[in-house]
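Right, one structure below, let's go through it.
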Amino acid sequence: SQLPKVFVAMDFAKHIKARDRKRKLEAVCRSDRRAAAAASKCMRVLQFGQAAASSSMQGAANHDEDDAGGVASSDGPAELFSSSSDCSSDRGSERGSDRISDRAPGRGSDCDSERGSDRSSDGASGRGSDRSPDPSDATSDDDGDDGALWDDVIEESADSVNGDGGAGDGAGGAGDGAGGASGAVDEGAAHGGDDGVVHIAPGFLQPVHRTMPHLSYATLAVYGELLAEKHKLSRNATADLLLYTKLALPPDAVFADNPYRLRRFLESCNSLRSERLLFCPRCSRPLVEALPLTCEPCGKQFSSVDRVAKVWRMDVRAQLRQLIERCGLLSVVSFPADVTRRPGGLSLWQSTAYSAFTHLIDKAARSDLTVTVNIDAFSVFSRAVYNICPVYLTVNEVPDHMRARFTVVCALWACRNKVSVDAFLPWLVAQLNSLRIEGVMFRTGGGRDGTRGGCIRFHPLLFVLDAPQRVEVTGLQHCSAVYGCDHCYTVTLHDADRGGNARIFPCELSADALQAASDAGCTRPRYRALQDTILLATTIPAGAGHNLGVVRLSPLHRLQGFDFITSCPPCYLHQCLVGVVGWLLRQHFLPVGKRPDKMAENPDLSRHVAEVDAKAASIRVPASHQRGPRTLADLGHFRGHEFECWLLVYGPMVLGDTLGPFYYNQLLLLSSSIFWLSLENCPLTEVTRAAKTLRVFYASLKDGFSPAAMTYNAHQVCEHLVPAAFLFGPVWRTSAGLFESLHYGLKTRVKGARFVGDQVHSAIRRQFSRRAVMHQLGLASPFAARGFLQGVQETMADGTRVYTKLHDDEFRWALLTNGWRIERYLPALQHQRSLCCFVAFAASDDGVQLAFGRVDAIRRSPTRGTAILMVRRLRTVCLLDPEYYISGVAQNDGCRLRHIQRVVDNPFGDIGGMHFCLPVVDVLGTCCVTDTHIAFLPHVQTSFAA
Numbered sequence: 006s007q008l009p010k011v012f013v014a015m016d017f018a019k020h021i022k023a024r025d026r027k028r029k030l031e032a033v034c035r036s037d038r039r040a041a042a043a044a045s046k047c048m049r050v051l052q053f054g055q056a057a058a059s060s061s062m063q064g065a066a067n068h069d070e071d072d073a074g075g076v077a078s079s080d081g082p083a084e085l086f087s088s089s090s091d092c093s094s095d096r097g098s099e100r101g102s103d104r105i106s107d108r109a110p111g112r113g114s115d116c117d118s119e120r121g122s123d124r125s126s127d128g129a130s131g132r133g134s135d136r137s138p139d140p141s142d143a144t145s146d147d148d149g150d151d152g153a154l155w156d157d158v159i160e161e162s163a164d165s166v167n168g169d170g171g172a173g174d175g176a177g178g179a180g181d182g183a184g185g186a187s188g189a190v191d192e193g194a195a196h197g198g199d200d201g202v203v204h205i206a207p208g209f210l211q212p213v214h215r216t217m218p219h220l221s222y223a224t225l226a227v228y229g230e231l232l233a234e235k236h237k238l239s240r241n242a243t244a245d246l247l248l249y250t251k252l253a254l255p256p257d258a259v260f261a262d263n264p265y266r267l268r269r270f271l272e273s274c275n276s277l278r279s280e281r282l283l284f285c286p287r288c289s290r291p292l293v294e295a296l297p298l299t300c301e302p303c304g305k306q307f308s309s310v311d312r313v314a315k316v317w318r319m320d321v322r323a324q325l326r327q328l329i330e331r332c333g334l335l336s337v338v339s340f341p342a343d344v345t346r347r348p349g350g351l352s353l354w355q356s357t358a359y360s361a362f363t364h365l366i367d368k369a370a371r372s373d374l375t376v377t378v379n380i381d382a383f384s385v386f387s388r389a390v391y392n393i394c395p396v397y398l399t400v401n402e403v404p405d406h407m408r409a410r411f412t413v414v415c416a417l418w419a420c421r422n423k424v425s426v427d428a429f430l431p432w433l434v435a436q437l438n439s440l441r442i443e444g445v446m447f448r449t450g451g452g453r454d455g456t457r458g459g460c461i462r463f464h465p466l467l468f469v470l471d472a473p474q475r476v477e478v479t480g481l482q483h484c485s486a487v488y489g490c491d492h493c494y495t496v497t498l499h500d501a502d503r504g505g506n507a508r509i510f511p512c513e514l515s516a517d518a519l520q521a522a523s524d525a526g527c528t529r530p531r532y533r534a535l536q537d538t539i540l541l542a543t544t545i546p547a548g549a550g551h552n553l554g555v556v557r558l559s560p561l562h563r564l565q566g567f568d569f570i571t572s573c574p575p576c577y578l579h580q581c582l583v584g585v586v587g588w589l590l591r592q593h594f595l596p597v598g599k600r601p602d603k604m605a606e607n608p609d610l611s612r613h614v615a616e617v618d619a620k621a622a623s624i625r626v627p628a629s630h631q632r633g634p635r636t637l638a639d640l641g642h643f644r645g646h647e648f649e650c651w652l653l654v655y656g657p658m659v660l661g662d663t664l665g666p667f668y669y670n671q672l673l674l675l676s677s678s679i680f681w682l683s684l685e686n687c688p689l690t691e692v693t694r695a696a697k698t699l700r701v702f703y704a705s706l707k708d709g710f711s712p713a714a715m716t717y718n719a720h721q722v723c724e725h726l727v728p729a730a731f732l733f734g735p736v737w738r739t740s741a742g743l744f745e746s747l748h749y750g751l752k753t754r755v756k757g758a759r760f761v762g763d764q765v766h767s768a769i770r771r772q773f774s775r776r777a778v779m780h781q782l783g784l785a786s787p788f789a790a791r792g793f794l795q796g797v798q799e800t801m802a803d804g805t806r807v808y809t810k811l812h813d814d815e816f817r818w819a820l821l822t823n824g825w826r827i828e829r830y831l832p833a834l835q836h837q838r839s840l841c842c843f844v845a846f847a848a849s850d851d852g853v854q855l856a857f858g859r860v861d862a863i864r865r866s867p868t869r870g871t872a873i874l875m876v877r878r879l880r881t882v883c884l885l886d887p888e889y890y891i892s893g894v895a896q897n898d899g900c901r902l903r904h905i906q907r908v909v910d911n912p913f914g915d916i917g918g919m920h921f922c923l924p925v926v927d928v929l930g931t932c933c934v935t936d937t938h939i940a941f942l943p944h945v946q947t948s949f950a951a
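Be aware that the sequence shown starts at 6, since it is given in the working numbering, and climbs by one per residue.
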């Protein structure tokens with residue numbers, strides 16, 4: 006009777022093995038393609054580096070010889086590395102691809118396991134992450150004599166920094182070569198990194214070959230690391246890139262010919278301080294780094310450091326100083342004194358929270374900026390639990406499309422268990438208070454010419470968190486509790502149909518909830534306030550787990566000038582896009598058995614997926630979208646920016662005939678509200694109207710589906726998103742999309758299944774070192790001007806960059822300062838899927854009426870020297886207001902539907918009418934176009950991961 010089950014199990018095992026082989030083969034192919042693509046740029050990078058380093062190499066060499074205190078180089082890399090070792094490359098080829106997104110921890114190669122176990126026992130003897138070995142370097146520890154000579158040069162570099170450090174000073178002692186050298190370098194950097202100067206051993210500044218006097222070992226090393234970081238290369242792909250570089254150089258040239266030496270060179274120049282702490286994964290209590298690791302409160306013992314939770318505390322001030330002195334932060338920010346405010350518009354500069362910040366500072370001094378903090382964990386492996394939780398900090402005054410360049414990692418948590426913010430939140434509060442009061446001192450990077458020093462204070466403005474992290478940070482109950490809202494005292498109802506911990510969030514706050522809040526002493530019984538939350542946390546009844554949803558007093562109450570209730574708003578990405586929009590699309594287009602609300606009786610549209618996909622494929626998408634519309638069959642793999650496009654553009658354009666009238670107008674209610682809340686400088690009257698429209702949408706969920714549709718995410722969007730817009734500006738400023746994209750960059754730096762946190766920590770330090778070395782040598786990135794548009798022709802007086810000069814005053818392309826890309830229309834473009842020649846602009850003084858036009862020419866203004874667009878206006882018709890159909894109210898108090906309209910004429914034909922001049926500052930955005938409709942996204946979706 007069991008024989009058929011055995012056959013089924015055998016077939017399933019064969020299927021799993023075949024799938025694994027297929028994934029590994031695909032990973033190898035992707036790795037080879039990335040290596041080939043990066044290698045095709047190798048010669049251009051070599052030529053760029055040789056030209057860029059010619060003017061600064063001799064000066065940098067003399068400077069480092071003086072700073073080394075008379076320590077002379079032995080023979081330099083030219084003689085030390087005359088013969089390269091092939092051990093690491095052979096080992097790498099046997100392993101295949103290093104992309105381990107589907108590999109579970111502990112399934113790495115035997116070589117990784119042996120070295121990982123040795124390092125876990127040796128690395129536990131030292132304290133702090135600066136003494137911990139980097140397991141990602143374990144592939145090339147046995148390079149023979151060349152490896153020993155390499156360690157000697159690394160020790161020489163550490164000596165030039167520290168003066169007396171050696172390999173024996175590092176964690177692991179002399180028995181662990183990689184760990185000892187790494188510990189010596191980090192120990193030396195900890196003593197020599199405050200001067201802001203990178204100390205490079207003079208041997209690394211020697212030319213790689215006598216025929217290339219201006220191309221040094223250090224130049225090739227930093228460019229190799231830059232290529233690997235830019236293209237997310239695996240370890241094998243990086244090794245192939247270095248091999249191709251070796252073939253392009255003379256046979257006796259000397260450079261870092263394997264990834265191990267590449268990383269070790271950058272580690273030898275590292276000056277970023279960091280501290281590693283160990284915590285018990287069960288109770289989050291700190292542990293002493295001494296094997297065996299024992300947690301006294303819970304009695305749990307751990308045999309390896311990799312089995313416990315690790316927290317790295319980075320030097321935040323040093324990273325911000327590097328952004329100012331070496332990355333030009335102050336040259337791209339907009340200080341409050343330099344911003345021209347438009348009265349009555351929705352923007353960060355006119356928001357309630359930012360206005361309160363500007364009243365507390367001296368705006369004329371230009372010495373205060375605001376920052377946003379994000380705490381979000383992500384899983385490294387798809388089939389095993391291992392969480393990495395970075396703490397990001399980004400500057401708000403930087404243009405949105407450049408914020409990824411000016412984001413630093415404050416701390417890093419790595420563990421197999423749930424993240425515990427108590428391990429780093431008190432330390433983070435102390436760091437933010439120091440940045441707010443003392444600021445960051447810098448020597449260069451200020452002033453108009455970028456040569457002045459000074460001090461910049463960074464004030465925390467808001468924390469962008471998803472729902473689980475928000476309640477953990479603020480000390481409130483989870484959304485599945487009775488008081489499940491972290492912004493009001495709404496009493497949730499148990500959903501008996503779904504069972505478990507499912508809750509229903511009613512539309513209105515009950516009288517009993519208001520009375521309970523008043524009896525508890527709350528001054529604002531409808532919405533949570535900072536003082537009320539502190540009062541409730543200090544008066545929790547004995548034996549009760551909470552007091553009106555307050556579990557404990559958050560460590561954020563010690564953060565000066567920060568309201569951790571209002572300054573932790575709902576996340577636009579998690580609550581609105583992934584939460585509400587994703588719920589609606591899954592409810593409409595998934596089969597009945599896979600719907601989120603199985604009790605709802607809405608029509609089954611899963612059989613119309615192919616029809617909707619065909620309509621979506623006809624949409625011409627501008628470059629402001631990260632990607633074009635994908636098929637709804639991949640709905641389970643959609644990202645946040647795709648949900649945003651389906652809400653604001655694709656859905657209203659193609660779902661009119663597929664959804665019923667009720668559900669289509671319900672979608673338009675949410676679409677029009679989110680559009681006005683996302684538009685920069687939106688009239689505040691429309692923001693107020695959006696609150697009314699969202700309440701109508703929230704009430705319609707119960708009528709269109711079932712009470713189960715009134716979820717936590719829908720409650721946050723319809724009740725608390727508008728107050729967040731008044732506080733911080735357009736809702737995309739409260740989105741975690743930037744930080745979610747940065748997660749991908751950290752995940753690609755993981756090259757092995759063991760010591761994942763150590764690998765990510767090492768990658769962060771190498772990036773800091775690479776930037777410092779490039780600045781020290783005067784090297785510029787060859788990808789600085791790389792992008793969708795290349796070959797800058799001219800920069801206008803208003804900052805607009807124009808490309809592809811056609812005539813004296815006409816151009817083909819224009820790149821606006823806010824990131825919009827505009828092109829001149831040509832008849833051949835109507836057959837392309839991507840085009841940027843249709844724009845939206847305000848047709849009335851109040852900014853409520855919108856118009857659309859086609860750009861027929863891009864010119865320079867003869868009087869002002871600014872960019873102007875020659876636009877031919879399209880004749881359009883507004884859609885019917887959806888609120889009439891949903892609410893049945895004759896008077897419309899909600900926001901107007903204006904961002905999507907029907908086109909009367911063929912937009913790709915002869916429109917007719919006269920041209921008119923449109924300044925680029927009046928452009929609201931570029932549009933998506935079909936033969937019948939036109940719509941636009943209110944902001945640029947920047948591909949931060951690139």
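Cβ coordinates follow ideal geometry from the N, Cα and C atoms, glycine included.
For residue i, three-class secondary structure by DSSP
| i | result |
| --- | --- |
| residue 237 | coil |
| residue 856 | strand |
| residue 883 | strand |
| residue 373 | strand |
| residue 379 | strand |
| residue 203 | coil |
| residue 607 | coil |
| residue 571 | coil |
| residue 246 | helix |
| residue 729 | helix |
Range covered by the alpha helix (DSSP H) that runs through residue i
| i | result |
| --- | --- |
| residue 737 | Here residue 737 belongs to no alpha helix (DSSP H), and DSSP marks it neither H nor E. |
| residue 933 | Looking at the DSSP string, residue 933 is not in any alpha helix (DSSP H); the run it does join, the beta strand (DSSP E), is 928-934. |
| residue 536 | 535-543 |
| residue 474 | 472-479 |
Delimiting residues of the beta strand (DSSP E) encompassing residue i
| i | result |
| --- | --- |
| residue 465 | 457-469 |
| residue 214 | 212-214 |
| residue 272 | Careful: residue 272 lies outside any beta strand (DSSP E), inside the alpha helix (DSSP H) at 264-273. |
| residue 523 | No beta strand (DSSP E) holds residue 523; the alpha helix (DSSP H) holding it covers 516-524. |
| residue 219 | 217-221 |
Per-residue burial, residue i [other beta carbons within 10 Å of its own, 16 or more giving buried]
| i | result |
| --- | --- |
| residue 3 | Summary: the structure shown does not reach residue 3, with the chain confined to residues 6 through 951, and so no result is reported for it. |
| residue 604 | exposed |
| residue 658 | buried |
| residue 222 | buried |
| residue 408 | buried |
| Mind pulling the beta strand (DSSP E) runs of 3 or more residues that sit fully within the stretch 763-830? | 797-800, 806-810, 815-820, 826-828
| request: Give a yes or no on contact between the stretch 563-583 and the stretch 644-658, applying the rule of three or more CB pairs nearer than 8 Å. | output: yes
| query | Which whole runs of the alpha helix (DSSP H) in the stretch 621-697 are 4 residues long or more, in chain order? | reply | 645-650, 656-659, 666-683
| query | How about the stretch 387-407 and the stretch 479-487: do they share at least three Cβ pairs that are nearer than 8 Å? | reply | no
| request: Tell me, please, whether the stretch 502-513 touches the stretch 411-420 by the rule of three or more beta-carbon pairs shorter than 8 Å. | output: no
| request: Would you be able to state if there are at least three C-beta pairs under 8 Å between the stretch 453-463 and the stretch 367-375? | output: yes
| field | Minimum length 4: unbroken alpha helix (DSSP H) runs contained in the stretch 273-332 | value | You should have 321-330.
| field | Entirely enclosed alpha helix (DSSP H) segments - the stretch 369-449, minimum 4 residues | value | 430-442
| said: For the stretch 590-597 against the stretch 555-570, do three or more pairs of beta-carbon atoms, one drawn from each stretch, fall closer than 8 Å, so that the two count as touching? | reply: With fewer than three CB-CB distances shorter than 8 Å, the stretch 590-597 does not count as touching the stretch 555-570.
| said: For the structure I just gave you, are there three or more beta carbon pairs, one from the stretch 392-404 and one from the stretch 415-429, closer than 8 Å? | reply: yes
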